[in-house]
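Colleague:
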Amino acid sequence: MTWAVAAVLFPGLEPYWPAFFASWAQQTIRAFHLLLLLEGLTPDDVAPTLQAYPDLAARVRYRPAPGNPARNRCALLQWALEDGYAQMAFADADDRFAPQRLERLALALEHAPLIGHDVALINPQGRLMRTRYISRRWPDRAPITPQRLCHANGVGFSTLALRLAPLREIGTLPPCPPEIIAVDWYLVVWLLHRGYTGRFLAEPLSAYRQHADNLAGFGRAISLDQARRSLEVKIRHYQALARAGWPAYAALADAARATQHALNLDSAFAQRYIHYIQHNLPRPPLWWEVGLIWPPHAPQPWQEESLCNA
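In short: position in the sequence shown from 1, add 304, done, that's the working numbering.
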């Protein structure tokens with residue numbers, strides 16, 4: 305069974321390509337194609353780096369990218385479906401991956417059609433910062449549900465694998481509105497609401513690179529700027545899910561927007577807010593978790609919809 309391993313390449317990531325391609329050349333499972341969407345690049349731009357890995361180069365496929373982060377990821381899904389792949393793993397081109405990643409994912413996908421796994425953290429130079437991250441919050445084999453992913457994300461593209469048969473049965477691709485920022489979060493929640501079941505694999509099979517271009521890097525000091533950015537991501541995320549067919553998310557969008565406005569207009573509230581999240585957020589925080597919707601303990605209208613009561 306041939307895997308689809310899917311990634312987007314764009315200018316600026318060239319320094320990371322050698323480690324990226326080396327990690328795929330070293331996979332213990334060789335039955336995969338590397339599907340590369342090229343944004344602002346041509347195959348000739350990539351070929352010099354691949355010369356060191358002729359066996360891998362023969363398994364690389366190229367298409368031009370639509371050019372928007374959301375549409376790029378949906379285009380990768382559509383490509384894998386059109387070409388008949390049964391299993392798919394995503395990969396960010398500035399990360400690197402354990403040699404056994406596909407082997408371990410193949411075993412995990414026997415038990416659930418959607419798998420998210422742990423990451424190690426590396427710095428821009430590739431030096432190890434932390435050996436594990438998400439498994440400090442989620443136990444091995446924990447269900448991945450819309451409730452677990454309601455206020456924060458723990459499944460990034462470099463940690464995600466799918467069986468594609470359930471998506472073929474659904475018969476439609478997720479709408480990919482161009483304004484969403486956390487595309488991985490949106491796609492995973494959409495799939496879960498459409499019938500996928502997910503499990504967490506507490507193995508750090510990806511090395512997630514921390515650098516300035518990451519919109520929400522792990523391990524950073526918690527700040528108001530980070531909270532504001534996370535709230536903006538959440539507003540767009542919840543609005544997109546509400547439009548996609550789950551209107552209860554509109555209440556989350558409204559609450560996130562109200563929190564954002566309060567932070568911008570009330571400096572005293574902003575000081576209370578930053579003190580609260582610095583001292584009370586679970587550690588380590590997941591993607592977008594720093595943008596806590598306020599108030600944290602008051603009854604919320606969306607709890608009746610069972611979206612956030614995991």
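We put the beta carbon where it would ideally sit given N, CA and C, even for glycine.
G458: buried (16+ other C-beta within 10 angstroms of its C-beta) or exposed?
Modeller: Result: buried.
Colleague: Taking C-beta to C-beta, are G502 and A369 nearer than 8 Å?
Modeller: No, they are not a contact pair.
Colleague: Where does N584 land, buried or exposed, given buried means 16+ other C-beta within 10 angstroms?
Modeller: N584 should be labelled exposed.
Colleague: The alpha helix (DSSP H) spanning I539 covers which residue range?
Modeller: Start and end: L528 to R547.
Colleague: So, does the stretch 552 to 561 touch the stretch 535 to 544, judging by three or more C-beta pairs under 8 Å?
Modeller: With the cut-off at 8 Å, the stretch 552 to 561 and the stretch 535 to 544 touch.
Colleague: Where do the N-terminal and C-terminal ends of the alpha helix (DSSP H) with D488 fall, by residue?
Modeller: Looking at the DSSP string, the run of the alpha helix (DSSP H) that includes D488 is V487 to H497.
Colleague: Could you name the residues of the same chain whose beta carbon sits closer than 8 Å to that of L345, not counting the 5 residues immediately before and after it, in chain order?
Modeller: Once the five neighbours on either side are set aside, the close Cβ partners of L345 are L313, F314 and P315.
Colleague: Please name the residue in A323, L385 and R365 whose C-alpha comes closest to that of A356.
Modeller: The option with the nearest alpha carbon to A356 is A323.
Colleague: Determine the closest residue to R452 out of F504, P599 and A379, with distance taken between C-alpha atoms.
Modeller: It is F504 whose Cα lies nearest to the Cα of R452.
Colleague: Specify the secondary structure class of W591 as computed by DSSP and reduced to three states.
Modeller: It is a strand residue.
Colleague: Tell me, please, which residues DSSP counts as bridged to M392.
Modeller: For M392, which the question treats as bridged, DSSP gives the partners A308 and L466.
Colleague: If you draw a straight line from the C-alpha of D359 to the C-alpha of Q575, how long is it?
Modeller: The straight-line gap from Cα to Cα measures roughly 56 Å.
Colleague: Quick check on the DSSP output: what are the complete beta strand (DSSP E) runs of length 3 or more inside the stretch 391 to 429, in order along the chain?
Modeller: Correct list: 391 to 394 and 418 to 426.
Colleague: Using a Cβ distance threshold of 8 Å, determine whether the stretch 334 to 354 contacts the stretch 435 to 446, with at least three qualifying pairs required.
Modeller: In short, these stretches do not touch, since the Cβ pair count stays below three.
Colleague: Just to check my reading of the structure: I426 and L418 have Cβ atoms closer than 8 Å, yes? What is that Cβ distance to the nearest angstrom?
Modeller: The Cβ separation is near 25 Å, so there is no contact.
Colleague: Among P319, P479, A525 and H541, which residue has its Cα nearest to the Cα of R375?
Modeller: Ranking the options by Cα distance to R375, first place goes to P479.
Colleague: Is the distance from the Cβ of A424 to the Cβ of A311 below 8 Å?
Modeller: No; because the gap between Cβ atoms is not below 8 Å, this pair is not in contact.
Colleague: Whose C-alpha, out of R436, A506, D529 and T306, is nearest the C-alpha of A412?
Modeller: Comparing Cα positions, the closest option is A506.
Colleague: What is the C-beta distance between P588 and R440, in whole angstroms, given that I count them as a contact (C-beta under 8 Å)?
Modeller: Yes, P588 and R440 are in contact; Cβ-Cβ is about 6 Å, under 8 Å.
Colleague: With 16 other CB atoms within 10 Å as the buried threshold, where does P351 fall?
Modeller: According to the sequence shown, residue 351 is Ala rather than Pro. Burial call: exposed.
Colleague: What separation, rounded to the nearest whole angstrom, lies between the Cα atoms of A465 and H497?
Modeller: Their Cα atoms are separated by approximately 17 Å.
Colleague: Cβ atoms of R408 and S327: under 8 Å apart, would you say?
Modeller: No, these two residues do not count as a Cβ contact at 8 Å.
Colleague: Rounded to the nearest angstrom, what separates L491 and L380 at their Cα positions?
Modeller: About 12 Å.
Colleague: Quick check on E507: does DSSP put it in helix, strand or coil?
Modeller: Here E507 sits in strand by DSSP.
Colleague: What does P447 pair with, by DSSP beta-bridge criteria?
Modeller: P447 pairs with R503.
Colleague: I need the straight-line Cα distance from Q404 to V309, nearest angstrom please.
Modeller: Computed Cα separation, rounded: 14 Å.
Colleague: Taking DSSP as the reference, what is the three-state secondary structure of R452?
Modeller: Coil at R452, not helix or strand.
Colleague: So what's H515 in DSSP terms, helix, strand or just coil?
Modeller: The answer is coil: DSSP assigns H515 none of H, G, I, E or B.
Colleague: Run through DSSP, which three-state label would A554 get?
Modeller: The answer is helix: DSSP assigns A554 an H, G or I state.
Colleague: Run through DSSP, which three-state label would N457 get?
Modeller: DSSP places N457 in strand when its eight states are reduced to three.
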